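Colleague: Quick note on numbering: the sequence shown equals residues 1 to 360 in the working numbering.
Each residue gets a CB set at the ideal place from its N, CA and C atoms; glycine is no exception.
Nothing here was measured: the structure is a model prediction, and the numbers come from that model.
Pasting a structure below so you can have a look.
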Amino acid sequence: MAELSPASAGDAVARLLAAAGPILSLDIGSGTQDVLLALPGERAENWPRFVLPSPALGIADRIRRHTAAGRPVWLYGHNMGGGFAVAVQEQVAAGLAPAASPDAALALHDNPERVKAQGVSITPSCPKGYTAVPLADYEPGFWDGLLSAAGLPKPSLIVAAAQDHGHHPEGNRVGRFNLWRALLTETQGNPARWLYDTPPAPCTRLNALQQCTGGPVADTATAAVLGALAAPEVAKRSQRQGVTVVNVGNSHVAAFLVFKGRILGVYEHHTGMLDTDALLFDLKEFGFGWLPDEQVRAKGGHGCAFLAPLPPEAEGFAPTFAVGPRREMLLGHAQFIAPHGDMMIAGCHGLLHGLALREA
1 MAELSPASAG DAVARLLAAA GPILSLDIGS GTQDVLLALP GERAENWPRF
51 VLPSPALGIA DRIRRHTAAG RPVWLYGHNM GGGFAVAVQE QVAAGLAPAA
101 SPDAALALHD NPERVKAQGV SITPSCPKGY TAVPLADYEP GFWDGLLSAA
151 GLPKPSLIVA AAQDHGHHPE GNRVGRFNLW RALLTETQGN PARWLYDTPP
201 APCTRLNALQ QCTGGPVADT ATAAVLGALA APEVAKRSQR QGVTVVNVGN
251 SHVAAFLVFK GRILGVYEHH TGMLDTDALL FDLKEFGFGW LPDEQVRAKG
301 GHGCAFLAPL PPEAEGFAPT FAVGPRREML LGHAQFIAPH GDMMIAGCHG
351 LLHGLALREA
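Right, dumping it as structure tokens:
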């Protein structure tokens, strides 16, 4: 299994950049998209970075402006993050009867009948009198313009992360945790295999993103745990005993059990459904392998999964490292980490670390 020592991880990324040229690393969340332009020959601390509103928030703003003007919208383009769904419902409430193409409708729900039940018609072409609104997690013209305006080079490679629930008509939570279980089992917890050149077919959002960028893609939770493993203090500690890495995002909490370079467990819940005490309870039970998947789902979470049996020498995965914009939930209970001095870009560094692991 590919593994990089803390000392060699930075050298591996430098070699990757020397061979590939500039790499644009995108971590697309529900509230923000965090961006890093990794440049050959430059120190990581000097790489240009951005924290911008997520693409879904931009779509929501556009829909609301059309709603205020009394214009119904037809959504088309690619599957993407569904953070604009409330704005679509505001169109419905205003009596404007929004519509969507079949691919765009996937951003609202996997089941087209559920989309129609929300008041959104599905049609392959723009109805007369409607305003067409394109959907995409990655829009090349935007990035070409931004980088050009900043005097920055065009990337040779784009690597991107987004959360993909997986196509599953029974619901997002079912589909997403089916994917996590399969990933744990098929890779035996090897994070070097958690970046996709071709995502699994059920990952409709990641497939759409990969078609737009042309480069490797991963889930945002994968980017987060790889970002933590890029931090020397986490990598060193995880060689001695098991550690828990927690990404407390704006919408979701994802936790991972890591020991000797392998990911042995995954837990995921909704941030808004947890307070600190509930999260700490779940993390303790999770670390010992005692937390039932059914219990997490019964409380509204996505679930948890393990590579059993958990090794006793991992000692309950007690050391906890936290990243993410809502990590204050674990203040005093976890070590906050910031790879290369910037916590918001941890996932971007994680994607680069994952690329380097694949080359090791």
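Who are G303's beta bridge partners in DSSP?
Modeller: Reading the sequence shown from its first residue, position 303 is the one you call residue 303. Answer is E268.
Colleague: For the segment 202–216 against the segment 131–139, are there 3 or more C-beta pairs whose distance is under 8 Å?
Modeller: Contact between the segment 202–216 and the segment 131–139 is present, because at least three Cβ pairs lie under 8 Å.
Colleague: Let me check one thing: in DSSP terms, what residues is I28 bridge-paired to?
Modeller: For this step, residue 28 is matched to residue 28 along the sequence shown. The partner list for I28 (beta bridge, DSSP) reads Q33 and A162.
Colleague: Give the range of the beta strand (DSSP E) segment to which V51 is assigned.
Modeller: Translated into the one-based positions of the sequence shown, residue 51 becomes position 51. It spans R49 to P53 - the beta strand (DSSP E) in which V51 sits, taken as one unbroken run.
Colleague: Where does T198 fall in DSSP's three states?
Modeller: Residue mapping note: residue 198 aligns to position 198 of the sequence shown, counting from 1. Note: T198 maps to coil in three-state DSSP.
Colleague: Can you round the beta-carbon distance between C203 and L226 to whole angstroms, since I take them to be within the 8 Å contact cut?
Modeller: As a working note, residue 203 is residue 203 in the sequence shown. As a working note, residue 226 is residue 226 in the sequence shown. Contact flag wrong, Cβ pair sits at about 17 Å.
Colleague: Since H353 is in the beta strand (DSSP E), which residue starts that stretch and which ends it?
Modeller: Translated into positions along the sequence shown, residue 353 becomes position 353. That residue, H353, is in no beta strand (DSSP E); its alpha helix (DSSP H) goes A346 to E359.
Colleague: How big is the Cα-Cα spacing for P48 and P40?
Modeller: Mapped onto the sequence shown, residue 48 falls at position 48. Mapped onto the sequence shown, residue 40 falls at position 40. Taking the straight line from one Cα to the other gives about 12 Å.
Colleague: How should A68 be labelled, buried or exposed, when 16 other C-beta atoms within 10 angstroms of its C-beta is the threshold for buried?
Modeller: Numbered from 1 along the sequence shown, position 68 holds the residue referred to as residue 68. Under this definition A68 is an exposed residue.
Colleague: Would you kindly work out how many angstroms separate the C-alpha atoms of A162 and Q33, rounded to a whole number?
Modeller: Here residue 162 corresponds to residue number 162 of the sequence shown, with the count starting at 1. Here residue 33 corresponds to residue number 33 of the sequence shown, with the count starting at 1. Computed Cα separation, rounded: 9 Å.
Colleague: Given that a residue counts as buried once 16 or more other Cβ atoms are within 10 Å of its Cβ, and exposed if not, what is H302?
Modeller: Locating residue 302 in the sequence shown gives position 302, counting from the first residue. Its Cβ being crowded by 16 or more others within 10 Å, H302 is buried.
Colleague: Using the beta-carbon count (16 or more within 10 Å), is A12 buried or exposed?
Modeller: In the sequence shown, counting from the first residue as 1, residue 12 sits at position 12. The residue is buried, with at least 16 neighbouring Cβ atoms inside 10 Å.
Colleague: Do H340 and E42 come within 7 Å of each other at the CB atom, strictly closer than that value?
Modeller: Here the question's residue 42 lines up with position 42 in the sequence shown. Here the question's residue 340 lines up with position 340 in the sequence shown. No. Outside cutoff.
Colleague: Return the residue from the list G81, E90, N79 and L57 that minimises the CA-CA distance to V73.
Modeller: Locating residue 73 in the sequence shown gives position 73, counting from the first residue. Selected option, being the one with the closest Cα: E90.
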